[in-house]
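Participant: So for the sequence shown, the working numbering puts the first residue at 6; every next one is plus one.
Structure incoming, see below.
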Amino acid sequence: MFAIRAAVAFDGERFRDDGATLLVEGDRIVGVEGAHHEPPADCSVTTYDGTLLPGLFDTHVHLVADGTPGGLERAPTLPPQELDEVITASLHRQAAAGVTTVRDLGDCGYRTLGHRDPVPGRPRVLSAGPPLTVPDGHCHFLGGAVEGPAAVEAAVAERAERQVDVVKVMASGGLLTPGTDVLGVQFSPDELALAVREAHRHGLPLVAHAHSLAGAWAASDAGVDGIEHVSCLTEEGVRTPEELLVRLAEQQVVLCPTLGTDPERTPSLELAPPPLRELAERLGVTPAEMPRKRAEQMTRVRAHGIVVVSGSDAGIAPAKDHGGVWRSVLDLLLADYSVAEALASATSVAARVCGVGHETGRLAAGLAADLLVADADLRADPDALGRPEAVWIRGKQVAGD
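Dropping the structure here:
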């Protein structure tokens, strides 16, 4: 048994008034006491000046993509061994950043399912397999294209048979797949509703990718459990009607806005392909404007009490590399979320939404010792979330002395 002591501690839901002395045995937390608690004499104690908290979740990653331009599109061309090496490297980068659980929402060949078995020091993997899309639709190259109700039903059944953790459907087109309708809807209402019904029949949640406002409405109409991105793009730019927010709150739809980009690695719009550049300028979603618009949107989301989890879309580009979900968390602070609310979106709330709240996401006896120490008091210096001092996954230290 060993102990970790910190004067500042966030337990996944709130900051503890008395800090914490955490007792760990094997891969489990066996005790959570105040910072002044004295463990047994034979228990080694390591004391930190920063903030102790549960390891982070990144609820939207692409492990088969390495964070380089075109990495996601390149993944299906790699032989299995090389693809496994990319996945392993992605997980290592996530772990080094304090991420102890990832939810993969788009792989190829179901390759990430082979990385779900517990491995000491490796983040827990939840996987959707290849996302359902239409022929030539967003991310069709990942192998999840279907056409017609029978194909939709068969695709969901295949994912259930392979024991995925969640089903992912592309309700709208995407910015990274040229020729797709970013402002429209890819599936018919009947097909989307069928996918949701079939997923639920198999006991699986279903989340929908939706950059368009039309896609968000369609996902809501279909009864999805979660919406990814929810950018609400229209011909007039970002538009998030009050009626949509009211409905999402009533339906208890979980939103993952995939906030957070590395500003130092965000490419200039002038370097983007001409169609993408023209669309971004026309819609007012330039790198300078989009953060402000999303902050305004998320302020209203919070006011409606809609549940939000943090995910980064890791792997799709240099500005969205693995290990950057802390930026997604900090972006919520721009939308009037408190530090505790923002941290919960990547700890206890994410664990509950992902169906593993009984296993991780909080500092509580009996849960996995998935832990992170940031190098300062996060209440005063939230940026310290991006400066991990130590990380443990299932009781094994993977970063820090």
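Using N, Cα and C, we set each Cβ at its ideal position, and we do this for glycine too.
Rounding to the nearest angstrom, what Cα-Cα distance links P85 and T105 in this structure?
Facilitator: Taking the straight line joining both Cα atoms gives about 24 Å.
Participant: Could you pull out every unbroken alpha helix (DSSP H) segment of at least 4 residues lying fully inside the segment 149-194, listed in chain order?
Facilitator: You should have 154-166.
Participant: Specify the secondary structure class of S225 as computed by DSSP and reduced to three states.
Facilitator: S225: helix per DSSP, three-state reduction.
Participant: Could you compute how far the alpha carbon of A355 sits from the alpha carbon of L260?
Facilitator: Approximately 11 Å between the Cα atoms of the pair.
Participant: Do P128 and G148 come within 7 Å of each other at the CB atom, strictly closer than that value?
Facilitator: Not a contact, by the Cβ cut-off of 7 Å.
Participant: Apart from the five residues just before and just after A40, which ones in its own chain have a Cβ nearer than 7 Å to its Cβ?
Facilitator: Excluding residues within five positions, the ones whose Cβ falls inside 7 Å are R10, A11, A12, D23, G24, A25 and T26.
Participant: Excluding the 5 residues preceding and the 5 following Y115 in the sequence, name in chain order all residues of the same chain whose CB lies nearer than 6 Å to its CB.
Facilitator: The residues are G134 and R167.
Participant: Is the number of C-beta pairs between the segment 364-381 and the segment 51-62 that are closer than 8 Å three or more?
Facilitator: The segment 364-381 vs the segment 51-62: in contact.
Participant: With a 10 Å radius around its C-beta and 16 neighbouring C-beta atoms as the bar for buried, classify E196 as buried or exposed.
Facilitator: Buried is the call here.
Participant: Need the endpoints of the beta strand (DSSP E) that E394 sits in, please.
Facilitator: Per DSSP, E394 belongs to the beta strand (DSSP E) from P393 to I398.
Participant: Which residue marks the beginning of the alpha helix (DSSP H) containing S315, and which one marks its end?
Facilitator: S315 -> no alpha helix (DSSP H), and no H or E assigned at all.
Participant: Rounded to whole angstroms, what is the Cα-Cα separation between D267 and D382?
Facilitator: Their Cα atoms are separated by approximately 22 Å.
Participant: Under 8 Å, with one C-beta from each stretch per pair, do the segment 178-189 and the segment 120-127 reach the 3-pair mark?
Facilitator: Touching, no, given that fewer than three Cβ pairs across the two stretches are closer than 8 Å.
Participant: Helix, strand or coil for A102? Go by DSSP, reduced to three states.
Facilitator: Coil.
Participant: Considering only C-alpha positions, which residue in the set G184, H309 and R252 is nearest to D230?
Facilitator: If we check each option's Cα against that of D230, R252 comes out closest.
Participant: If V396 and G179 are in contact, beta carbons under 8 Å, what's the gap, nearest whole angstrom?
Facilitator: At roughly 32 Å, the Cβ-Cβ gap does not stay under 8 Å, so V396 and G179 are not in contact.
Participant: Use the C-beta contact count for S317: other C-beta atoms within 10 angstroms, 16 or more gives buried, fewer gives exposed.
Facilitator: That one is buried.
Participant: Residues in its own chain within less than 8 Å of Q257 by CB, not counting five upstream and five downstream?
Facilitator: Excluding sequence neighbours, Q257 sits near V312.
Participant: Could you say which of F7, A8, G208 and V29 lies nearest to A373 if we only look at CA atoms?
Facilitator: Taking only the C-alpha atoms, the option nearest A373 is V29.
Participant: Would you kindly work out how many angstroms separate the C-alpha atoms of A213 and R297, rounded to a whole number?
Facilitator: Using only the alpha carbons, I get a separation of about 24 Å.
Participant: What are the start and end residues of each continuous beta strand (DSSP E) run of 3 or more residues lying completely inside the segment 18-60, in chain order?
Facilitator: Qualifying beta strand (DSSP E) stretches, in chain order: 25-30, 33-38 and 49-59.
Participant: Which residue wins for smallest C-alpha separation from V235, given the options E255, G208, Q302 and G265?
Facilitator: V235 has its Cα closest to that of Q302, out of E255, G208, Q302 and G265.
Participant: Look at the alpha carbon of V77 and the alpha carbon of L110, and state the distance between them as a whole number of angstroms.
Facilitator: The residue asked about is misnamed: residue 77 is Leu in this sequence, not Val. C-alpha separation (whole angstroms): 12 Å.
Participant: From the DSSP output, in three-state form, read off L368 for me.
Facilitator: DSSP places L368 in coil when its eight states are reduced to three.
Participant: At what residues does the beta strand (DSSP E) containing L337 begin and finish?
Facilitator: Note, L337: premise wrong, no beta strand (DSSP E); not H, not E.
Participant: Taking the alpha carbon of E233 as the reference point, which residue from T64, F15 and G405 has its own alpha carbon closest?
Facilitator: Of the candidates T64, F15 and G405, the one whose C-alpha sits nearest the C-alpha of E233 is T64.
Participant: Determine the DSSP secondary structure at S132, reduced to helix, strand or coil.
Facilitator: Reduced to three states, the DSSP call for S132 is strand.
Participant: Cutting at 8 Å between CB atoms, please list the residues of its own chain near P210, excluding the five before and the five after it.
Facilitator: Excluding positions up to five away in sequence, the list reads V171, V172, A204, D230, G231 and G360.
Participant: Where do the ends of the beta strand (DSSP E) carrying T266 lie?
Facilitator: Neither: T266 is in no beta strand (DSSP E) and is coded neither H nor E.
Participant: Between A155 and H207, is the Cβ-Cβ spacing less than 7 Å?
Facilitator: No, they are not a contact pair.
Participant: Considering Cα atoms alone, identify which of L181, G184, A219 and P183 is closest to P194.
Facilitator: Considering only alpha carbons, the answer is A219.
Participant: Confirm, please, whether the CB-CB distance from A227 to V157 is below 7 Å.
Facilitator: For V157 and A227, no; Cβs fall outside 7 Å.
Participant: Any idea if H363 is buried or exposed, counting beta-carbon neighbours within 10 angstroms, 16 or more meaning buried?
Facilitator: The residue in question, H363, is exposed, as its Cβ has fewer than 16 Cβ neighbours within 10 Å.
Participant: Could you check if P246 is buried or exposed, using at least 16 other CB atoms within 10 Å of its CB as the buried criterion?
Facilitator: P246 comes out exposed.
Participant: Which residues mark the beginning and the end of the beta strand (DSSP E) in which A349 is found?
Facilitator: A349 -> not in any beta strand (DSSP E); alpha helix (DSSP H) instead, spanning V344 to A349.
Participant: Where does T82 fall in DSSP's three states?
Facilitator: In this structure, T82 counts as helix in the three-state DSSP scheme.
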